[in-house]
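Asks: Have a look at this one before I ask anything.
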Amino acid sequence: MMRYFWTFQAVLVRFLIELKRYPLNTLSSLATLYIVFLLLFAGARYAQGLGVNLFGEGLEGLVVGYLVWTFAIIAYSDLSWELMREAQQGTLEQLYMSPQGFRFVSASWIVSSFLVSLFWVAVLLGLMMLTTGRVLRFPVGTLLPLLLLTVAPVYGIGFAMAGLALVYKRIQAFFQILQFLFVALVALPADAPWGKALPLALGTRLLRRVMVDGETLATLPAVDLLALAGTAAFYLFLGLGVFRAFEGIAKDRGLLAHY
Amino acid sequence: MKDYPTRKGPVRALAGISFRVGEGEIVGLLGANGAGKTTAIKILCGLLRPTSGRAEVGGVPSSRPEVARQVAALLEGSRNVYWRLSVEENLRFFAGLQGLSPREARRRTAELVARFGLQEKRRTTANLLSQGMKQKLALACALVKETPVLLLDEPTLGLDVETSHELRGMIRMLASGEGKTVLLSSHDMGVVEDTCRRVIILARGRVVADDSVPSLLALFRTTAYRVSLRDGLSAEARARLVERLPALRTLDAERALEVELPPEKDVYALMDALREAGVAVEGVTRVEPDLEDVFLRIVRGA
Chain X
29 MMRYFWTFQA VLVRFLIELK RYPLNTLSSL ATLYIVFLLL FAGARYAQGL
79 GVNLFGEGLE GLVVGYLVWT FAIIAYSDLS WELMREAQQG TLEQLYMSPQ
129 GFRFVSASWI VSSFLVSLFW VAVLLGLMML TTGRVLRFPV GTLLPLLLLT
179 VAPVYGIGFA MAGLALVYKR IQAFFQILQF LFVALVALPA DAPWGKALPL
229 ALGTRLLRRV MVDGETLATL PAVDLLALAG TAAFYLFLGL GVFRAFEGIA
279 KDRGLLAHY
Chain P
58 MKDYPTRKGP VRALAGISFR VGEGEIVGLL GANGAGKTTA IKILCGLLRP
108 TSGRAEVGGV PSSRPEVARQ VAALLEGSRN VYWRLSVEEN LRFFAGLQGL
158 SPREARRRTA ELVARFGLQE KRRTTANLLS QGMKQKLALA CALVKETPVL
208 LLDEPTLGLD VETSHELRGM IRMLASGEGK TVLLSSHDMG VVEDTCRRVI
258 ILARGRVVAD DSVPSLLALF RTTAYRVSLR DGLSAEARAR LVERLPALRT
308 LDAERALEVE LPPEKDVYAL MDALREAGVA VEGVTRVEPD LEDVFLRIVR
358 GA
């Protein structure tokens, strides 16, 4: 069992070292996210001035929605980019040769990415609260599980995309389409049952209720929490299944070393 | 057997090969481009699925991730390491990937850094290392996993003569000093002849030879001699020699000749013929086939 922990630790340490070695890339990603938020914020303020409430639930709603979207775009593309980069470097095959299995190595990468994203998003959130002057609540015990369940389907999509990347290599066009799809999902009201079954929609809504309205896990409707857990598991396992299928194709066609 | 599916139908990379490598052996896998060497190696590491048949390393089917406890591989030479990670960071990462504890990873890293002469560069990122050092690091990253079997695909590709010789010594040590089993593929016959006791030759996805290096060399050993001539070879002398030694060819603009003696003749018969033809001899050496000659003859024959 400890072997798994050491492998996870090795992946996390490498993740952190590479962040440090590419400081400009890391900082520019954060700056881009902040600038996009500023533009959105300016737009929302302008619309408010005209008497139109663009984001339904006010500026706090915008901040929470943007936060979830940021998490989502890091979550779904990070593993695919990483696999494409590894294939290009020639290290992908070495990752495959871990006794703990490639899926565990990929999952370790995803958890590392999630932990680092938490830090980035906290920094971004601080900046956004300073900009908007609105203070949000942070009951960590409620927020963390909710956030995990909200973005879990996106990690499922991330696994599916990574599977596609193993076989088709260049799938950047998909990323762009998904980015817009995620905006729609974050903004969706998620009142209808079908809306709750979609990724992100319900989670964003529940996160808003916690961060803006001060609710906790105990006060949120149990049915919604169950639905959130159900969609999280469904998309995650679906994504893993797709990943596994494409992995098999890549092994049949000898595509792991190609880029 | 391995077929690659393509739009124009399956392409056969391995047409049913079978071989076994014993514990502690260093075996060379030879073949022209496209003969199936890399495909065979990747099937053994579990990176490729065979179309039919099975591959096992240390009794573990190569389709299982656990095969990585038995076998480590150096593939595509120096492209196997992280260029933005230092020498030590690379080694510790690969040790961790194998599931070794940080303490064990540090111990193995220090040992390999010292053994490969990388102390001064241990904190240098891989992209700043020379080609030879990158290659050494890639081999060290395979060794840090402490597996009993090593697969080395072109381990000396792009190396200068000195580094190539240094690496050959290290590879030989792996089997003799540590009891590792090594399967090595290379285009460089010198490397194979220098390190391997046994050679498997592949051609068009089949095993066309599987024997020890001395036996393969003996298979093509001839009674051929190379004679260097002090004053060259006149037309008259040449005609007289050809009468007695039909299998004669001149080299180096008639300054030397190579002759293959029939079984009933020995080197004295050659010397008699040369003296009678009035040829001034500077030196005589026996022509020994090397692994390259053997390889070319076998592959062309196949």
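Heads up: the sequence lines are chains X and P, in that order.
Residue numbers 29 to 287, in the numbering used here, belong to the letters of the first sequence in order.
Residue numbers 58 to 359, in the numbering used here, belong to the letters of the second sequence in order.
Virtual Cβ for every residue (Gly too), placed ideally from N, Cα, C.
All figures in this text were calculated on a predicted structure; none of them were measured in a lab.
(1) For the region 205-225 of chain X, which residues have a CB atom closer than 7 Å to at least one CB atom of chain P, in sequence order?
(2) Threshold first: 3 residues or longer. Then list the beta strand (DSSP E) segments lying entirely within the region 158-225 of chain P, N to C.
(3) Let me know the secondary structure DSSP gives T98(X) once reduced to three states.
(4) Using DSSP's beta-bridge definition, name the partner residues of P122(P).
(5) Got a sec: which bits of the region 41-56 of chain X sit with their beta carbon under 9 Å from any beta carbon on chain P, in order along the chain?
(6) Cα separation between K99(P) and R69(P)?
(7) Output yes or no for whether 8 Å exceeds the beta carbon distance between G289(P) and R312(P).
(8) Taking T35(X) as the query, report the chain P residues whose CB atoms sit under 7 Å from its CB, ordered along the chain.
(9) Run down chain C in chain order and give the residues with a C-beta less than 9 Å from the C-beta of M30(X).
(10) With three or more C-beta pairs closer than 8 Å as the rule, is the region 150-158 of chain P touching the region 109-119 of chain P?
(11) If we count the other Cβ atoms within 10 Å of its Cβ and call it buried at 16 or more, is Q127(P) buried or exposed?
(12) What number of angstroms, rounded off, separates the C-alpha of M157(X) from the C-alpha of L241(P)?
(13) L104(P) touches chain X at which residues, Cβ-Cβ below 9 Å?
(14) For the region 270-298 of chain P, which residues have a CB atom closer than 7 Å to at least one CB atom of chain X, in sequence order?
(15) Do you know whose CA, among V138(P), V256(P), V338(P), V249(P), lies nearest G226(P)'s CA?
(16) Use the C-beta contact count for E110(X): other C-beta atoms within 10 angstroms, 16 or more gives buried, fewer gives exposed.
(17) Which ranges does the alpha helix (DSSP H) cover as unbroken runs of at least 4 residues, wholly within the region 100-186 of chain X, from first to last along the chain?
(18) When DSSP builds the beta bridges, which residues end up paired with L131(P)?
(19) Classify I205(X) as helix, strand or coil using the three-state DSSP reduction.
(20) For P62(P), go through chain X and note every residue whose CB falls closer than 8 Å to its CB, in chain order.
(21) So S108(X) and M189(X) are supposed to be a Cβ contact under 8 Å. How far apart are they, rounded?
(22) E211(P) touches chain X at which residues, Cβ-Cβ below 8 Å?
(23) Counting only Cβ-Cβ distances shorter than 8 Å, please list the residues of the region 88-101 of chain P near chain X, keeping chain order.
(24) Please report whether the beta-carbon of T183(P) lies at a distance below 8 Å from any beta-carbon of chain X.
(25) Using the DSSP secondary-structure output, state which residues sit across from G59(P) in a beta bridge.
(26) Report the start-end ranges of each beta strand (DSSP E) in the region 277-355 of chain P that is 3 residues or longer and not cut off at the edges.
(27) Taking the alpha helix (DSSP H) that L240(P) falls in, what are its first and last residues?
(28) Run down chain P in chain order and give the residues with a C-beta less than 9 Å from the C-beta of V133(X).
(29) Of the residues T204(P), R160(P), T182(P), which one's Cα is nearest the Cα of G236(P)?
(30) Between which residues of its own chain and L174(X) is the CB-CB distance below 7 Å, once the five residues before and five after are set aside?
(31) What does A125(P) touch in chain X if you count any residue whose Cβ is under 7 Å from its own?
(32) Which of the three DSSP states, helix, strand or coil, is assigned to E113(P)?
(33) So, using beta-carbon positions, are E80(P) and T238(P) closer together than 8 Å?
(34) Closer than 8 Å, CB to CB, is F352(P) near chain X or not?
(35) What does L142(P) reach in chain X if we use C-beta pairs closer than 9 Å?
(36) Which residues, taken in chain order from the region 100-120 of chain X, show a beta carbon closer than 8 Å to some beta carbon of chain P?
Replies: Working from what's here:
(1) none
(2) 206-210
(3) As a working mapping, residue 98(X) is identified with position 70 in the first sequence. In this structure, T98(X) counts as helix in the three-state DSSP scheme.
(4) The residue given as residue 122(P) occupies position 65 in the second sequence. None; P122(P) has no bridge partner.
(5) V41, R42, I45, E46, R49, Y50
(6) As a first step, residue 99(P) is located in the second sequence; it is residue number 42 there, counting from the start. As a first step, residue 69(P) is located in the second sequence; it is residue number 12 there, counting from the start. Going by the C-alpha atoms only, they are around 15 Å apart.
(7) As a position in the second sequence, residue 289(P) is number 232, starting the count at 1. As a position in the second sequence, residue 312(P) is number 255, starting the count at 1. Result yes, Cβ atoms of G289(P) and R312(P) sit closer than 8 Å.
(8) Numbered from its first residue, the first sequence carries residue 35(X) at position 7. Per Cβ cutoff of 7 Å: G153, L154, G156.
(9) Of the protein chains in the structure, X and P, none is chain C.
(10) no
(11) As a first step, residue 127(P) must be located in the second sequence, where it is residue number 70. Buried.
(12) Walking along the first sequence from the start, residue 157(X) turns up at place 129. Walking along the second sequence from the start, residue 241(P) turns up at place 184. Answer to the nearest angstrom: the Cα atoms are 60 Å apart.
(13) By 1-based counting over the second sequence, the position of residue 104(P) is 47. In chain order: E121, Y124, M125, K279, G282, L284, A285.
(14) none
(15) For the purposes of this step, residue 226(P) is identified with residue 169 of the second sequence, where counting begins at 1. The residue with the shortest Cα to Cα distance from G226(P) is V249(P).
(16) Locating residue 110(X) in the first sequence gives position 82, counting from the first residue. Label assigned to E110(X): buried.
(17) 120-124, 130-160
(18) Mapped onto the second sequence, residue 131(P) falls at position 74. Bridge partners of L131(P): L209(P).
(19) Taking the first sequence and counting its residues from 1, one reaches residue 205(X) at position 177. Note: I205(X) maps to helix in three-state DSSP.
(20) Taking the second sequence and counting its residues from 1, one reaches residue 62(P) at position 5. Going along chain X in sequence order, the residues near P62(P) (Cβ under 8 Å) are D280, R281.
(21) Sequence index remark: in the first sequence, residue 108(X) carries index 80 (1-based). Sequence index remark: in the first sequence, residue 189(X) carries index 161 (1-based). With a Cβ gap of about 5 Å, S108(X) and M189(X) count as contacting.
(22) Locating residue 211(P) in the second sequence gives position 154, where the first residue counts as 1. Within 8 Å Cβ-Cβ: nothing; E211(P) doesn't reach chain X, min ~12 Å.
(23) T96, K99
(24) Here the question's residue 183(P) lines up with position 126 in the second sequence. Before going on, a small fix: residue 183(P) reads as Ala here, not Thr. With 8 Å as the cut-off, A183(P) does not count as an interface residue toward chain X.
(25) The residue labelled residue 59(P) in the question sits at position 2 within the second sequence. The sequence given here has Lys at residue 59(P), not Gly. L71(P), per the DSSP bridge assignment.
(26) 281-286, 305-308, 313-317, 338-344
(27) Translated into positions along the second sequence, residue 240(P) becomes position 183. That residue, L240(P), is in no alpha helix (DSSP H); its beta strand (DSSP E) goes 238-242.
(28) As a position in the first sequence, residue 133(X) is number 105, starting the count at 1. By Cβ distance, chain P contributes L154.
(29) Taking the first residue of the second sequence as 1, we reach residue 236(P) at position 179. Of T204(P), R160(P), T182(P), the residue nearest in Cα terms is T204(P).
(30) Translated into the one-based positions of the first sequence, residue 174(X) becomes position 146. G231, L234, L235, V238.
(31) Working through the second sequence from its first residue, we reach residue 125(P) at position 68. Neighbours of A125(P) on chain X, chain order: M125, S126, P127.
(32) The count along the second sequence starts at 1 and reaches residue 113(P) at position 56. If DSSP states are grouped into helix, strand and coil, E113(P) belongs with the strands.
(33) Position 23 of the second sequence, counted from the first residue, corresponds to residue 80(P). Position 181 of the second sequence, counted from the first residue, corresponds to residue 238(P). Yes, they are a contact pair.
(34) Taking the first residue of the second sequence as 1, we reach residue 352(P) at position 295. It does not: the Cβ of F352(P) has no partner Cβ on chain X nearer than 8 Å.
(35) Taking the first residue of the second sequence as position 1, residue 142(P) is located at position 85. What L142(P) touches in chain X: R42, I45, E46, R49.
(36) Q117, G118, T119
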